[in-house]
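The sequence shown begins at 1 in the working numbering and counts up by one.
Every residue, glycine too, gets a C-beta built ideally from N, C-alpha and C.
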Amino acid sequence: MFFMSCDGISHAGTAKATNEDRFLIADIRPTTSFRKTNLDVSNDAVRSGRSLGNLMIVSDGSGDPDDAARASTLAVDSLVQSLMNDFHWTPPLDSIIEKAIEDQMLAAFWRCQQTIVREAKVLDDSRRADMSASVALAWVSWPHLLLATAGNCRAMLVRNGTLQFMTEDDAAPLSELDRSERTGSEALDDAGDNVLTNLVGGLSKRLSPTIRFLQLEKRDSLLLCTDGVTGVMSTARMVEILASPVSATGACDAIVNESLRVSGNDNVTVIVAKLEELKQEQSAEAFAAATLDDGETPDEGSALKKGATTVL
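See the structure below:
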């Protein structure tokens, strides 16, 4: 038996007054809500089933600071709603199931796009084009990992001290894009002669998130982050931290602290997940902790302090 420890941190940085990044870590479970019963429980009792997967999202907004923060918030909220209501998959996978999952994920991103565009319609035209967000999403359903990225949020998988996979920024030369597709003023400034594409929101009609399926192994480490990390830290240094024996929380702290030390000019947001083996004597205790009965509540704030742990 093994478990996934996971934690996330978001920091505004040292130069910005507003944190435009958002992140989420969630355990997806089916629930049953009692409507009426003569069991020895309240009529509004809720029972949860086994975990169907672990969802992790980071989002980085572009545009006016308040609009950017709103865009990244809408991006996370919209994707969670879509995945909860319209997205269903469990292993094993084959090519037909993977294609269906890709179609569902693409539909979720387009609903996210529409949500942000609807909100932006109340803004003036100069701000509307810039209200957008980059996204990196990971869904773990052991042993499968589904990644979906758009913009310049990134995902990295490290195994046995070696980089196995890393996404790239979605960018194109400015000269190749129609004026109506030049979205995200902040992203344009950061990219120089290139402009980010595949952002959710804005005016772009090119939204086509990168979707990948990967096979996980024990002792893998996964990183999702915004460009406040990848813009200042080398890939080698990130791999070194993820491959070290520190916990997910420790890895988050190390990456954020080093990003702020090197620059701090941008918001910094990271999620780290580590798959770790349980020793035999730990298994029962860890399994019980991850499957608390209704009415049992961990100490307040413990999930934030220690990160989330799921037995797989």
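Which residue comes first and which comes last in the beta strand (DSSP E) that contains residue i?
i    : result
G61  : 53 to 62
C153 : No beta strand (DSSP E) contains C153, which DSSP labels as neither H nor E.
S244 : Neither: S244 is in no beta strand (DSSP E) and is coded neither H nor E.
V195 : 194 to 196
V232 : No beta strand (DSSP E) holds V232; DSSP gives it neither H nor E.
F213 : 210 to 215
Report the CB separation of residue i from residue j in whole angstroms; it is logged as a contact under 8 Å.
i    : j    : result
S21  : D66  : Correcting the residue identity first, residue 21 is Asp in this sequence and not Ser. 14 Å between Cβ atoms; not a contact.
F213 : E119 : At roughly 31 Å, the Cβ-Cβ gap does not stay under 8 Å, so F213 and E119 are not in contact.
I9   : D253 : 7 Å
L224 : A150 : In fact, because the Cβ distance is near 13 Å, the residues do not count as touching under 8 Å.
R219 : L275 : 6 Å
S51  : T310 : 6 Å
L146 : L216 : 11 Å between Cβ atoms; not a contact.
V229 : V270 : 6 Å
A172 : T197 : 5 Å
T14  : G264 : 4 Å
D64  : R127 : 5 Å
On a CA-only basis, which of the options is nearest residue i? Give me that one, please.
i    : options                : result
C6   : G250, R237, L260       : G250
L55  : A71, W110, F23         : F23
D130 : T37, A308, R154, V200  : V200
D125 : A171, P92, V195, G202  : G202
A133 : W139, W110, M233       : W110
H88  : L260, S95, D44, A100   : A100
G49  : A148, D27, D266        : D27
L222 : K16, A138, A273, A71   : A273
F165 : S33, K16, T235         : T235
S72  : L260, E258, M238, C153 : C153
S247 : E277, S259, L260       : E277
How many angstroms separate the CA atom of residue i from the CA atom of residue j?
i    : j    : result
D169 : S208 : 13 Å
S62  : A12  : 14 Å
V46  : A243 : 39 Å
V262 : V256 : 10 Å
K205 : P143 : 34 Å
I57  : R35  : 33 Å
P245 : D40  : 46 Å
V357 : L74  : An answer regarding residue 357 cannot be provided, because it is not within the stretch 1 to 312 covered by the chain.
N267 : V122 : 26 Å
M4   : P30  : 19 Å
S95  : T37  : 44 Å
K16  : L79  : 26 Å
A68  : V76  : 13 Å
E240 : T167 : 18 Å
A148 : G53  : 15 Å
M238 : R70  : 29 Å
Could you pull the start and end residues of the alpha helix (DSSP H) that residue i belongs to?
i    : result
N85  : 65 to 86
V272 : Premise fails: V272 lies in the beta strand (DSSP E), 268 to 277, not in any alpha helix (DSSP H).
F109 : 95 to 120
N160 : Counting along the chain, N160 falls outside any alpha helix (DSSP H), and DSSP gives it neither H nor E.
D125 : 125 to 128
Is any beta-carbon of chain B found at less than 8 Å from that of residue i?
i   : result
E20 : Going by chain labels, chain B is absent from the structure shown, which holds only one protein chain.
Cβ contact (3+ pairs, closer than 8 Å) linking the stretch 113 to 127 and the stretch 156 to 168 | no
Is the stretch 101 to 113 close to the stretch 75 to 87, with three or more CB pairs under 8 Å?
-> yes
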